[in-house]
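Remarks on the structure that follows.
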Amino acid sequence: MTPAKPSLDLLRSLTDEHVLRALLAERQLTRAQIAARTGISKPAVGDSVARLAEAGLLRDTGERTTGRGRVGTYYALADDLGTALVVSIGHDGAVAEAVDVFGEVLARHVEDLGCPVRPRKVSQALRKAAAQVAADAGPLRLAVVSAADPVDRATGKLVHLPDSPFLLGELSPADVLAPLVAGPVTVDNDVNWAARTEQAADDFAYLFLGEGLGCAVVADGEVRRGHAGFAGEIAHVLTRGPGGQAIAFIDVFADLGVRQPDSTTIDVEALRTAIKSDDLLDALAEAICGVLLALVTVSDPELIVLGGPWGPDVLDAVSDRFAQLPRNVPLRAPHATDSPALAGARDEAVRALRSAVLSP
Numbered sequence: 001m002t003p004a005k006p007s008l009d010l011l012r013s014l015t016d017e018h019v020l021r022a023l024l025a026e027r028q029l030t031r032a033q034i035a036a037r038t039g040i041s042k043p044a045v046g047d048s049v050a051r052l053a054e055a056g057l058l059r060d061t062g063e064r065t066t067g068r069g070r071v072g073t074y075y076a077l078a079d080d081l082g083t084a085l086v087v088s089i090g091h092d093g094a095v096a097e098a099v100d101v102f103g104e105v106l107a108r109h110v111e112d113l114g115c116p117v118r119p120r121k122v123s124q125a126l127r128k129a130a131a132q133v134a135a136d137a138g139p140l141r142l143a144v145v146s147a148a149d150p151v152d153r154a155t156g157k158l159v160h161l162p163d164s165p166f167l168l169g170e171l172s173p174a175d176v177l178a179p180l181v182a183g184p185v186t187v188d189n190d191v192n193w194a195a196r197t198e199q200a201a202d203d204f205a206y207l208f209l210g211e212g213l214g215c216a217v218v219a220d221g222e223v224r225r226g227h228a229g230f231a232g233e234i235a236h237v238l239t240r241g242p243g244g245q246a247i248a249f250i251d252v253f254a255d256l257g258v259r260q261p262d263s264t265t266i267d268v269e270a271l272r273t274a275i276k277s278d279d280l281l282d283a284l285a286e287a288i289c290g291v292l293l294a295l296v297t298v299s300d301p302e303l304i305v306l307g308g309p310w311g312p313d314v315l316d317a318v319s320d321r322f323a324q325l326p327r328n329v330p331l332r333a334p335h336a337t338d339s340p341a342l343a344g345a346r347d348e349a350v351r352a353l354r355s356a357v358l359s360p
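The opening residue of the sequence shown carries number 1 in full-length UniProt numbering; numbering runs sequentially from there.
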C-alpha cells in the first residue's frame with residue numbers, strides 16, 4: 001500500500017515553523033538566507049514569509065542588502081508577539097520579569113515581602129509586581145513561577161509543611177496571576193528550578209543548603225517531583241546528630257546553635273561563623289553525609305551538586321568525609337550562582353513562549 005502523502009496544509013505548517021525557528025536563532029534574515037539555513041526552496045520560503053507576515057508574525061525590518069545582485073529584504077519576528085512573565089517568590093521578595101522570545105528581560109520589578117512573611121502580603125506583592133512589568137512590557141502570554149515553598153503538583157498551590165522557613169500557607173500563584181496572564185501559569189519550587197539550570201548529568205541530585213533545606217532529584221534528564229510534588233523535601237530525613245544520636249536533619253541546626261530566634265530557619269551568617277570551628281564543621285559535614293547517603297541509596301545519582309548560600313562553604317569538608325563512605329559519588333558546587341532558581345524559571349518561560357509562537 002502506498003503511504004499517504006502529507007497534506008499541503010501540513011507541509012505549509014512545517015515550512016512556517018522552520019522559517020520561524022530560523023528567525024528565532026538569528027533575529028533577522030533575508031528570504032535567501034532563510035532558504036540556505038533551512039534547506040527549503042526559495043519559492044517555498046517566499047510563500048511562507050508572505051503567510052507569516054500576513055498573520056502578523058513577521059515584519060519587514062526596512063533594511064535591505066547592499067552590494068551587487070538582487071536587493072534582499074530583511075525580515076524579523078513581529079514586535080507584538082507578547083512576553084512571558086517570570087516570577088520568583090522568596091526571602092529576597094517577589095521578583096517579576098517580562099521576557100521576550102529571545103530571552104531578553106524587557107521589564108523587572110521587585111516587591112518587598114516584609115518580615116514575617118504573610119500570605120496576604122505575598123499575594124498583593126505578586127499582583128503588584130506582575131502588573132508593573134505588564135504595564136512596562138506589554139501583554140503577558142504565560143507565566144512561570146518559582147517559589148521557596150513546596151508546590152502541590154496537582155493544583156500548583158504552595159503548601160505549608162512542618163518546619164518550612166518560608167510559610168505562605170496554601171497560596172495559589174495561578175489564581176493571583178490569572179487576571180494578568182492570558183495563558184498558563186506554571187509553578188514549581190525554587191530548588192527544582194535551580195537544578196534545571198545545571199544540566200550536570202542525566203541523573204544527579206541538587207542539595208540546597210540555605211535558610212531552608214531542599215533537594216531536587218533529576219533522573220533521565222527530568223526533575224522528578226513525586227506523586228504530590230514533594231520529592232526532595234529532606235528536612236526530616238534522619239541523620240547523625242552532633243551527639244551521635246539519630247535526629248532529623250533540620251534539628252541538627254538547633255543542636256549546633258545556628259537557627260534564627262524562635263524559628264527553624266537557619267541563620268546563614270551564624271553558620272558561616274560557626275564552621276570556622278573544625279569540630280562544628282566536622283559535625284555538620286557528618287550530618288550532611290547522612291542525608292547524601294540516603295539520596296545515593298534511593299536515587300543512584302551520577303553526582304550531587306551542593307548549592308544554596310552556604311553549600312559551597314562546606315563542600316570540601318563534606319566531600320572528604322563522603323568519599324570515605326561505602327557508597328559515594330562526586331560532589332561539586334553549582335555552575336549557576338546568580339539567582340539560579342529565577343534563571344531556571346526564566347529559561348522555561350522563554351521555551352514556553354517560543355513554543356506558543358511556533359504553534360499559533
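Even glycine gets a Cβ: it sits at the ideal position worked out from N, Cα and C.
Return the CA-CA distance between L295 and P340, expressed in angstroms with no decimal places.
Taking the sequence shown and counting its residues from 1, the one referred to as residue 295 is at position 295. Taking the sequence shown and counting its residues from 1, the one referred to as residue 340 is at position 340. If I take the Cα positions, the gap works out to 22 Å.
Hey, how far is the Cα of D136 from the Cα of N328?
One-based indexing of the sequence shown puts residue 136 at position 136. One-based indexing of the sequence shown puts residue 328 at position 328. The alpha-carbon atoms of D136 and N328 are separated by roughly 50 Å.
For T65, list the residues DSSP reports as bridge partners.
Within the sequence shown, numbered from 1, the residue matching residue 65 stands at position 65. In DSSP, T65 forms no bridge with anything.
Can you confirm whether the region 80–96 touches the region 117–126 when touching is taken to mean that 3 or more C-beta pairs between the two stretches lie within less than 8 Å?
yes
Considering only the alpha carbon of each residue, which of I275, D278, L315, A274 lies closest to L292?
In the sequence shown, the residue the question calls residue 292 occupies position 292. Of the listed residues, the one whose Cα sits closest to L292 is L315.
Go ahead and pull the three-state DSSP assignment for V117.
Here residue 117 corresponds to residue number 117 of the sequence shown, with the count starting at 1. Reduced to three states, the DSSP call for V117 is coil.
Sequence-distant residues of its chain with Cβ nearer than 6 Å to K63 (five each side left out)
Within the sequence shown, numbered from 1, the residue matching residue 63 stands at position 63. A small correction: the amino acid at residue 63 is Glu; Lys does not occupy that position in the sequence shown. Contacts found: Y74.
Using three-state DSSP, classify Q28 as helix, strand or coil.
Within the sequence shown, residue 28 is the residue found at index 28, counting from 1. DSSP places Q28 in strand when its eight states are reduced to three.
Meets three-Cβ-pair contact criterion under 8 Å: the region 244–257 and the region 217–225
no
What residues in its chain sit with their C-beta under 7 Å from that of A44, if we drop five residues either side in the sequence?
As a first step, residue 44 is located in the sequence shown; it is residue number 44 there, counting from the start. Here the set comprises T15.
For P309, which residues of its own chain have a beta-carbon under 8 Å away from its beta-carbon, when the five flanking residues on both sides are left out?
In the sequence shown, counting from the first residue as 1, residue 309 sits at position 309. Answer for P309: L209, G210, E211, V268, listed in chain order.
Compare the Cα-Cα distances from residue 407 to each of R153, A246, A143 and report the closest residue.
No information on residue 407 is available, as it lies outside the stretch 1 to 360 that the chain covers here.
Could you name the residues of the same chain whose beta carbon sits closer than 7 Å to that of Q324, not counting the 5 residues immediately before and after it, in chain order?
Position 324 of the sequence shown, counting from 1, holds the residue named residue 324. None.
Coil, strand or helix - G90 by DSSP:
Here residue 90 corresponds to residue number 90 of the sequence shown, with the count starting at 1. Note: G90 maps to strand in three-state DSSP.
Pull the bridge partners of S146 from the DSSP assignment, please.
Here the question's residue 146 lines up with position 146 in the sequence shown. DSSP output for S146 lists S88, D188 as bridge partner(s).
Nearest-angstrom Cα separation, counted from G243 out to A270
One-based indexing of the sequence shown puts residue 270 at position 270. One-based indexing of the sequence shown puts residue 243 at position 243. Counting only the Cα atoms, G243 lies some 20 Å from A270.
Measure the C-alpha to C-alpha separation of M1 and S359 and round it to an integer number of angstroms.
Translated into the one-based positions of the sequence shown, residue 1 becomes position 1. Translated into the one-based positions of the sequence shown, residue 359 becomes position 359. Caution applies to M1, whose pLDDT of 46 falls short of 50 and renders its modelled position unreliable; the value that the coordinates give is listed next. Cα to Cα, M1 sits roughly 32 Å from S359.
Exposure label - T66; buried when at least 16 CB within 10 Å:
Locating residue 66 in the sequence shown gives position 66, where the first residue counts as 1. Counting every other CB atom within 10 Å of its CB across the protein chains shown gives T66 a total below 16, marking it as exposed.
So what does DSSP say about R272, is it helix, strand or coil?
Along the sequence shown, read from residue 1 onward, the residue named residue 272 stands at position 272. R272 falls in the helix class under three-state DSSP.
Does the region 68–86 come into contact with the region 97–112, if we say contact requires no fewer than three beta-carbon pairs (one atom in each stretch) closer than 8 Å?
yes
Exposure of S164, with buried meaning 16 or more beta-carbon neighbours within 10 Å
Within the sequence shown, residue 164 is the residue found at index 164, counting from 1. Its Cβ being crowded by 16 or more others within 10 Å, S164 is buried.
Which residue comes first and which comes last in the beta strand (DSSP E) that contains F249?
One-based indexing of the sequence shown puts residue 249 at position 249. No beta strand (DSSP E) holds F249; the alpha helix (DSSP H) holding it covers 249–255.
Should E104 be labelled buried (16 or more other beta-carbon atoms within 10 Å of its own) or exposed?
Counting from 1 along the sequence shown, the entry for residue 104 is found at position 104. Exposed, because fewer than 16 other Cβ atoms sit within 10 Å of the Cβ of E104.
By the 10 Å Cβ neighbour count, where 16 or more other Cβ atoms means buried, how is E348 classified, buried or exposed?
Taking the sequence shown and counting its residues from 1, the one referred to as residue 348 is at position 348. Per the 10 Å Cβ criterion, buried.
Anyone know if the C-beta pair for V71 and S48 falls short of 8 Å?
As a working mapping, residue 71 is identified with position 71 in the sequence shown. As a working mapping, residue 48 is identified with position 48 in the sequence shown. Result no, Cβ atoms of V71 and S48 do not sit closer than 8 Å.
Residue range of the alpha helix (DSSP H) that includes L81
The residue labelled residue 81 in the question sits at position 81 within the sequence shown. Note, L81: premise wrong, no alpha helix (DSSP H); not H, not E.
Nearest-angstrom Cα separation, counted from R108 out to D60
The residue given as residue 60 occupies position 60 in the sequence shown. The residue given as residue 108 occupies position 108 in the sequence shown. About 29 Å.
Take R12 and list the residues in its own chain whose beta-carbon comes closer than 8 Å to its own, dropping the five residues that flank it on each side.
Mapped onto the sequence shown, residue 12 falls at position 12. Within the same chain, R12 has close Cβ partners D47, S48, R51.
Spell out the partners DSSP gives Y75 in its beta bridges.
Along the sequence shown, read from residue 1 onward, the residue named residue 75 stands at position 75. DSSP lists L29, D60 as partners of Y75.
Chain-order list of residues whose beta-carbon lies under 7 Å from that of E286 (same chain, five-residue window excluded):
In the sequence shown, residue 286 corresponds to position 286, counting from 1. Contacts found: R240, R321.
Between which two residues does the beta strand (DSSP E) harbouring R225 extend?
Here residue 225 is taken as the residue at index 225 of the sequence shown, counted from 1. Looking at the DSSP string, R225 is not in any beta strand (DSSP E), and its letter there is neither H nor E.
Are L158 and L177 close, meaning C-beta to C-beta below 8 Å?
The sequence position of residue 158 within the sequence shown is 158, counting from 1. The sequence position of residue 177 within the sequence shown is 177, counting from 1. Result no, Cβ atoms of L158 and L177 do not sit closer than 8 Å.
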